[in-house]
Amino acid sequence: LPICWYLRYSVGVSSWVIVGAVMNKLFRLISGQGCGFELEYLLFNSLIFILIIFGVLGTVLNLLIGLHWLVDLLSLIGIIFLGVLFHHSRVLGHFTVIHIWTLVLVSLGIMGSIFFFNGGAEGPVVFILLMLMIITLIISPERTQGLIFGTFFIAVVGVYLIDYWFGHEYTYGYHSRSSRYIDVMSTIAYCMIFISMTIITFKRSYNRERKESAINNSELLRLNGALVKKNEQIQLLMRELNHRVKNNLQVVSDMLNLQATRSNDGAIATALREGKDRLMSMALLHKKLYEEGDVNQIGLEEYVLDLQAYLIKESTNYQITLTNEINNVTLSPSQAVPFGLILNEIYTNIQKHAFTDLITNRKISTKCLSDNSNLKIEITDNGVSIPGEKVVNWKGSFGLELINLLVIQLDGTWGIVGLGVNQGTAVSIEFPIVMN
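Each position in the sequence shown, counted from 1, maps to that position plus 13 in the numbering used here.
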């Protein structure tokens, strides 16, 4: 006896496994699963196919229970229409919101007509309409769900009102009570089974996608953590690199300064000190980069102030009044280096050529204003005005030629103009800010 029960159990389980595998294979074939389509497309194909099967079975059942011949004719028209729609969607692979609306409107037209030849309010047509509404709401885009619901609502209420007012004239009932029960119960069973299948399929797909999303999110978090650690290591290495570059520039600058103090040639000593200042403008930049948290950008305002503190030297007899208007924007290192060298040349030239011993109240005004895309710089002094011939032909000046080359490197434009006798000189520069 136990062996018999075991054999029966094994055969039963095997049968269900085989049936399940066959049904799963059939569903994949009908719906198009595994072809890279979305869930809505799979449900649409399944809905059309099962409606075709139901239409065929319903037509046969209608013949058996003796419903009006127009029910069979309308069912046949619906089957042909559904077949064309299934071929266009599943076979040809075309699926848009137009397909959903075509299904909704044609189904309402056919089922609304069948309603009056299939018992009216006593028949099961409303269950099919409700099933179609539920499925189409699930597979339709959010922007059309309200319209689809409104269309079904108006159609269902409309046919019931017509049946209420004119049912005795337009509605054909059942021949017997048993015919009605067979028709209604078979339709309800079909609707319940299909709605359950749709919801179960949708839920399984949702759970599968949520599980895959959780796995992907976990992997992304792991990779993000690894990237954060790697970025911290790169930041640390970059700060160390900037620190070493700054130290090396400082060493070279000190050597140039030492060589300048030992040189007996004034021109050579001046050239060495100017070279030292240029190196120090770059050393200050690298110092700011390893001191600040972000090695990819540098604050403009603090950098300009540091350059001024180093470059603008006050003697015991004269003081220089600084006026600054600087927007606190950030520059990338690739722009900060030529920008610092430009300021170095301008401030050096002002102190070297504009401020003579006759000028006691020395002033330098610096404006660095940004409009979120371009940086506009204007530096003016109240010293000796630059000669007009030098403004026209500045290529003989090494400092001005260097400024021009650095501005070209920044993809910018610049100009220099004398403000009048003993009124000083103004230098204007503009270049686009490169975002990191």
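Every residue, glycine too, gets a C-beta built ideally from N, C-alpha and C.
Just so you know, these numbers come straight off a predicted model, no measurement behind them.
With a threshold of 16 other CB atoms inside 10 Å of the CB of valine 451, please say whether the residue is buried or exposed.
No information on residue 451 is available, as it lies outside the stretch 14 to 449 that the chain covers here.
Going along the chain, which unbroken runs of the alpha helix (DSSP H) with 4 or more residues stay wholly within the stretch 336-419?
346-362, 401-405
Where threonine 426 sits in the DSSP three-state scheme:
Three-state DSSP puts threonine 426 in a strand.
What are the boundary residues of the beta strand (DSSP E) that includes threonine 438?
For threonine 438, the uninterrupted beta strand (DSSP E) segment begins and ends at 438-445.
Can you check whether the CB of threonine 438 is closer than 8 Å to the CB of isoleucine 399?
yes
Just the C-alpha distance for tryptophan 427 and leucine 285, rounded to the nearest angstrom, thanks.
27 Å
To the nearest angstrom, report how far apart serine 345 and asparagine 357 are at their CA atoms.
18 Å
Beta carbon proximity, serine 441 to chain D, threshold 8 Å
Of the protein chains in the structure, only one exists, and it is not chain D.
Hey, out of Ala134, Asp394, Pro445, whose CA is closest to histidine 181's CA?
Ala134
Assign asparagine 341 to one of two classes, buried (16 or more other C-beta atoms within 10 Å of its C-beta) or exposed (fewer than that).
exposed
Quick check: the Cα distance between glycine 433 and glycine 412, rounded to an integer number of angstroms?
Straight-line Cα distance between these residues: approximately 21 Å.
I need the straight-line Cα distance from phenylalanine 67 to isoleucine 161, nearest angstrom please.
For phenylalanine 67 and isoleucine 161, the distance between alpha carbons rounds to 23 Å.
If you draw a straight line from the alpha carbon of asparagine 230 to that of lysine 216, how long is it in whole angstroms?
20 Å
Contact set for isoleucine 325: own chain, Cβ-Cβ below 8 Å, skip 5 residues either direction
Ile333, Leu335, Tyr360, Gln364, Ile377
From the DSSP output, in three-state form, read off methionine 36 for me.
In this prediction, methionine 36 has a pLDDT of 49, which is less than 50 and means its spatial position is unreliable; nothing more can be read from the coordinates.
Reduced DSSP category for threonine 334 - H, G, I as helix; E, B as strand; rest coil
strand
Backbone secondary structure at glycine 312 - three-state DSSP
strand
Cutoff 6 Å; reference glycine 186; Cβ partners in own chain excluding five residues on either side:
Gly132
Look at the alpha carbon of valine 104 and the alpha carbon of arginine 190, and state the distance between them as a whole number of angstroms.
42 Å
Hey, aspartate 196 and glycine 125: beta-carbon distance below 8 Å or not?
no
Since leucine 74 contacts phenylalanine 130 with CB under 8 Å, what's their CB separation in whole angstroms?
Wrong, their Cβ atoms sit about 14 Å apart, outside the cutoff.
Compute the distance between the beta-carbons of glutamate 414 and glycine 425, then report whether it is under 8 Å.
no
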